[in-house]
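One point on numbering: in numbering that gives the first Met the number 0, the residue at position 105 of the sequence shown is 104, and numbering is uninterrupted. Take a look at the structure set out below.
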Amino acid sequence: MATTYLSRTSGTSTNVDKCTFSAWIKRGNLSDSGHILMGQYTDVNNRGKITFTDDYLTYFQKTGGSTTANVVTTRKFRDVSAWYNVVIAFDSTQGTEADRIKFYVNGVQETAFSSTDYSQNENVRINESSVPIVIGQDGNSAFYFDGLMSHVHFVDGTAYPASTFGSTDSTTGEWEINTSPSVTYGTNGFFILKNGNSVTDQSGNSNNFTVA
(Lines of atoms letter the chains of each structure in order from A and count residues from 1; the text may use other names and numbers.)
(Lines give C-alpha, C1' and ligand atoms only; values in the text may rest on other atoms or scores of the structure.)
Protein backbone atom coordinates (compact mmCIF):
# COMPACT_ATOMS: atom_id res chain seq x y z
CA MET A 1 0.00 0.00 0.00
CA ALA A 2 2.87 2.40 0.92
CA THR A 3 1.03 5.73 0.31
CA THR A 4 -2.47 4.37 -0.32
CA TYR A 5 -5.25 3.58 2.11
CA LEU A 6 -8.88 2.45 2.02
CA SER A 7 -11.73 4.09 3.91
CA ARG A 8 -15.42 4.04 4.63
CA THR A 9 -17.76 5.44 7.33
CA SER A 10 -19.24 2.84 9.65
CA GLY A 11 -22.89 2.45 10.59
CA THR A 12 -24.37 1.67 14.00
CA SER A 13 -22.39 -1.15 15.59
CA THR A 14 -24.02 -4.50 16.30
CA ASN A 15 -21.95 -4.74 19.49
CA VAL A 16 -19.21 -2.16 20.01
CA ASP A 17 -17.52 -4.32 22.68
CA LYS A 18 -16.89 -7.31 20.41
CA CYS A 19 -15.29 -7.66 16.98
CA THR A 20 -12.67 -9.58 14.99
CA PHE A 21 -10.04 -8.51 12.46
CA SER A 22 -8.42 -11.05 10.14
CA ALA A 23 -6.09 -10.45 7.20
CA TRP A 24 -3.25 -12.04 5.26
CA ILE A 25 -0.34 -9.62 5.35
CA LYS A 26 3.08 -9.42 3.70
CA ARG A 27 5.31 -6.66 5.02
CA GLY A 28 7.38 -4.65 2.54
CA ASN A 29 9.35 -2.19 4.64
CA LEU A 30 10.64 -2.27 8.21
CA SER A 31 12.08 1.25 8.44
CA ASP A 32 9.06 3.18 9.78
CA SER A 33 7.92 3.16 13.41
CA GLY A 34 4.23 2.54 12.76
CA HIS A 35 2.75 0.37 10.00
CA ILE A 36 -1.00 0.68 10.46
CA LEU A 37 -3.18 -2.23 9.38
CA MET A 38 -6.53 -0.76 10.46
CA GLY A 39 -7.40 2.40 12.32
CA GLN A 40 -10.03 4.88 13.46
CA TYR A 41 -9.37 8.54 14.23
CA THR A 42 -11.90 11.02 15.59
CA ASP A 43 -9.36 13.31 17.24
CA VAL A 44 -6.12 13.00 19.21
CA ASN A 45 -8.07 11.95 22.32
CA ASN A 46 -10.32 9.40 20.60
CA ARG A 47 -8.59 6.94 18.27
CA GLY A 48 -7.60 3.31 17.82
CA LYS A 49 -5.25 1.33 15.59
CA ILE A 50 -3.78 -2.09 14.83
CA THR A 51 -0.11 -1.66 13.94
CA PHE A 52 3.34 -3.10 13.59
CA THR A 53 5.03 -0.56 15.87
CA ASP A 54 8.81 -1.00 15.86
CA ASP A 55 7.93 -4.43 14.40
CA TYR A 56 5.85 -5.47 17.43
CA LEU A 57 2.21 -6.34 16.73
CA THR A 58 0.19 -3.77 18.69
CA TYR A 59 -3.32 -2.57 19.40
CA PHE A 60 -3.57 0.91 20.89
CA GLN A 61 -6.53 3.17 21.62
CA LYS A 62 -7.48 6.31 23.47
CA THR A 63 -10.96 7.32 24.61
CA GLY A 64 -11.69 10.71 26.13
CA GLY A 65 -7.97 11.42 26.35
CA SER A 66 -7.20 8.29 28.41
CA THR A 67 -5.36 5.24 27.09
CA THR A 68 -7.96 2.48 27.29
CA ALA A 69 -6.02 -0.21 25.44
CA ASN A 70 -2.34 -0.89 24.83
CA VAL A 71 -1.53 -4.49 23.91
CA VAL A 72 1.99 -5.19 22.57
CA THR A 73 3.67 -8.50 21.70
CA THR A 74 7.18 -9.22 22.96
CA ARG A 75 8.28 -10.77 19.69
CA LYS A 76 8.92 -8.88 16.47
CA PHE A 77 7.60 -9.67 12.99
CA ARG A 78 10.40 -8.84 10.57
CA ASP A 79 10.19 -11.44 7.80
CA VAL A 80 9.41 -9.48 4.64
CA SER A 81 9.40 -12.66 2.53
CA ALA A 82 6.56 -14.31 4.48
CA TRP A 83 2.79 -13.96 4.54
CA TYR A 84 1.31 -13.65 8.02
CA ASN A 85 -2.32 -14.37 8.84
CA VAL A 86 -3.07 -11.89 11.63
CA VAL A 87 -6.28 -12.43 13.60
CA ILE A 88 -7.23 -10.16 16.50
CA ALA A 89 -10.34 -10.99 18.54
CA PHE A 90 -11.79 -8.30 20.81
CA ASP A 91 -14.20 -8.87 23.70
CA SER A 92 -13.93 -6.15 26.33
CA THR A 93 -16.66 -7.79 28.46
CA GLN A 94 -14.26 -10.52 29.62
CA GLY A 95 -13.35 -10.47 33.32
CA THR A 96 -9.72 -11.43 32.71
CA GLU A 97 -7.75 -8.61 31.09
CA ALA A 98 -5.66 -10.93 28.88
CA ASP A 99 -8.87 -12.41 27.38
CA ARG A 100 -10.17 -9.03 26.18
CA ILE A 101 -7.85 -8.93 23.16
CA LYS A 102 -6.45 -12.14 21.67
CA PHE A 103 -3.75 -12.05 19.00
CA TYR A 104 -3.20 -14.99 16.64
CA VAL A 105 -0.47 -15.22 14.00
CA ASN A 106 -0.63 -18.09 11.49
CA GLY A 107 -3.11 -19.89 13.71
CA VAL A 108 -1.06 -19.71 16.92
CA GLN A 109 -2.23 -17.53 19.80
CA GLU A 110 0.35 -15.04 21.05
CA THR A 111 0.88 -15.43 24.79
CA ALA A 112 3.90 -13.21 25.51
CA PHE A 113 3.26 -9.47 25.79
CA SER A 114 5.10 -6.44 27.11
CA SER A 115 1.70 -4.82 27.76
CA THR A 116 -1.84 -6.23 28.03
CA ASP A 117 -3.67 -3.11 29.20
CA TYR A 118 -7.33 -3.06 28.15
CA SER A 119 -10.14 -1.57 30.23
CA GLN A 120 -13.17 -3.81 30.82
CA ASN A 121 -16.41 -3.00 28.95
CA GLU A 122 -14.55 -0.40 26.91
CA ASN A 123 -15.78 0.34 23.39
CA VAL A 124 -13.48 -0.97 20.65
CA ARG A 125 -12.59 2.22 18.80
CA ILE A 126 -12.25 0.48 15.42
CA ASN A 127 -15.85 -0.73 15.81
CA GLU A 128 -17.39 2.57 16.89
CA SER A 129 -20.63 3.71 15.25
CA SER A 130 -20.68 6.31 12.49
CA VAL A 131 -16.94 7.02 12.28
CA PRO A 132 -14.40 6.70 9.44
CA ILE A 133 -12.73 3.27 9.36
CA VAL A 134 -9.43 3.04 7.51
CA ILE A 135 -7.36 0.13 6.18
CA GLY A 136 -3.63 0.80 5.72
CA GLN A 137 -3.62 3.98 7.82
CA ASP A 138 -5.65 5.51 10.66
CA GLY A 139 -7.10 8.57 8.93
CA ASN A 140 -4.65 11.03 10.44
CA SER A 141 -1.18 9.51 10.75
CA ALA A 142 1.77 10.03 8.43
CA PHE A 143 2.45 6.29 8.73
CA TYR A 144 1.00 3.93 6.14
CA PHE A 145 1.14 0.17 5.89
CA ASP A 146 3.89 -0.69 3.42
CA GLY A 147 3.24 -4.11 1.95
CA LEU A 148 0.46 -6.35 0.68
CA MET A 149 -2.90 -7.34 2.16
CA SER A 150 -5.35 -10.02 1.08
CA HIS A 151 -8.63 -11.46 2.37
CA VAL A 152 -9.31 -8.71 4.91
CA HIS A 153 -12.23 -9.58 7.19
CA PHE A 154 -13.83 -7.48 9.89
CA VAL A 155 -16.62 -8.94 12.05
CA ASP A 156 -18.85 -6.66 14.15
CA GLY A 157 -20.37 -8.29 17.23
CA THR A 158 -18.42 -11.56 17.60
CA ALA A 159 -14.89 -12.51 18.72
CA TYR A 160 -13.78 -15.42 16.52
CA PRO A 161 -10.61 -17.55 16.94
CA ALA A 162 -8.03 -17.98 14.19
CA SER A 163 -9.43 -21.43 13.35
CA THR A 164 -12.41 -19.67 11.75
CA PHE A 165 -10.16 -18.14 9.09
CA GLY A 166 -7.63 -20.90 8.45
CA SER A 167 -6.40 -24.40 9.28
CA THR A 168 -3.15 -26.35 9.51
CA ASP A 169 -2.32 -28.59 6.57
CA SER A 170 -1.94 -32.13 7.91
CA THR A 171 0.94 -32.92 5.54
CA THR A 172 3.04 -29.74 5.45
CA GLY A 173 2.12 -28.31 8.84
CA GLU A 174 1.60 -24.92 7.21
CA TRP A 175 -1.23 -22.55 8.04
CA GLU A 176 -3.63 -22.32 5.11
CA ILE A 177 -6.34 -19.84 4.28
CA ASN A 178 -10.07 -20.48 4.56
CA THR A 179 -11.29 -18.55 1.55
CA SER A 180 -14.95 -18.58 2.63
CA PRO A 181 -15.17 -18.58 6.45
CA SER A 182 -18.57 -19.09 8.06
CA VAL A 183 -19.09 -15.96 10.14
CA THR A 184 -21.84 -13.54 11.09
CA TYR A 185 -20.42 -10.19 9.99
CA GLY A 186 -22.77 -7.86 11.88
CA THR A 187 -23.68 -4.35 10.74
CA ASN A 188 -20.17 -2.97 10.26
CA GLY A 189 -18.56 -6.22 9.08
CA PHE A 190 -16.89 -6.52 5.71
CA PHE A 191 -14.73 -8.78 3.53
CA ILE A 192 -12.50 -7.00 1.03
CA LEU A 193 -9.44 -7.75 -1.10
CA LYS A 194 -10.72 -11.27 -1.67
CA ASN A 195 -9.62 -11.37 -5.28
CA GLY A 196 -6.92 -8.98 -6.37
CA ASN A 197 -7.43 -5.36 -5.37
CA SER A 198 -11.23 -5.34 -5.14
CA VAL A 199 -12.54 -3.02 -2.42
CA THR A 200 -16.10 -4.24 -3.02
CA ASP A 201 -17.42 -5.89 0.13
CA GLN A 202 -17.94 -9.65 -0.31
CA SER A 203 -19.69 -10.15 3.05
CA GLY A 204 -23.15 -9.34 1.73
CA ASN A 205 -23.30 -6.07 3.70
CA SER A 206 -22.30 -3.81 0.80
CA ASN A 207 -19.81 -2.07 3.11
CA ASN A 208 -17.61 -1.07 0.17
CA PHE A 209 -14.42 0.95 0.62
CA THR A 210 -12.93 3.79 -1.40
CA VAL A 211 -9.27 4.24 -2.30
CA ALA A 212 -7.48 7.35 -1.05
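For each residue, glycine too, the CB sits at the ideal point set by N, CA and C.
Asked, Found
"Whose C-alpha, out of Q136, G172 and T167, is nearest the C-alpha of A211?", "Q136"
"Counting only runs of 4+ residues fully inside the segment 3-34, write out the alpha helix (DSSP H) ranges in chain order.", "none"
"Checking the sheet assignment: what are the DSSP bridge partners for A88?", "T19 and K101"
"Can you check whether the CB of N194 is closer than 8 Å to the CB of S12?", "no"
"Buried or exposed: which applies to Q119, given that a residue is buried once 16 or more other Cβ atoms fall within 10 Å of its Cβ?", "exposed"
"Residues in its own chain within less than 8 Å of L29 by CB, not counting five upstream and five downstream?", "D54, R77 and V79"
"Keeping to the same chain, check which residues put their C-beta closer than 8 Å to that of T213; ignore five residues upstream and five downstream.", "The first residue shown for the chain is 0 and the last is 211, placing residue 213 beyond what the model contains."
"Mind checking Q60: buried by the 16 CB within 10 Å criterion, or exposed?", "buried"
"By a C-beta neighbour count over all protein chains shown, 10 Å radius and 16 as the cutoff for buried, is T171 buried or exposed?", "exposed"
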